[in-house]
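Working notes, beginning with the structure itself.
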Amino acid sequence: MSLREKLLDDYRAAHANASYSAKKGYVDGLLAAAEVRNAVLSHLQLLADKVGGTPARRHSNIPL
648 MSLREKLLDD
658 YRAAHANASY
668 SAKKGYVDGL
678 LAAAEVRNAV
688 LSHLQLLADK
698 VGGTPARRHS
708 NIPL
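Under my numbering, the residues of the sequence shown are numbered 648 to 711, in order.
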């Protein structure tokens, strides 16, 4: 095993995983595989009743 491969393996073991991202605060939380379906369903139910109106116009056409 070359030095590069060893360093890559060490980096992947220490930093390239979900628990490292959660520990650093890059993600809100971790879901187990069994919880993913329920989490997606509950978030989609929250969005089902959302009504997104069109934003107010910020600029009008000038008369020419």
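By construction, the Cβ of each residue, glycine as well, lies at the ideal position given by its N, Cα and C atoms. All values reported here derive from a predicted model rather than from experimental measurement.
Residues G676, L677 of the same chain have their beta carbon placed closer than 7 Å to that of A669, with the five preceding and five following residues left out of the count. Shown here, N708 sits in coil according to DSSP, grouped into three states, outside any helix or strand.
Going by C-alpha positions, A660 is about 25 Å away from E682.
The alpha-carbon of K653 is positioned some 37 Å away from that of R684. The beta carbon of V698 is closer than 8 Å to none in its chain, skipping five residues each way along the sequence.
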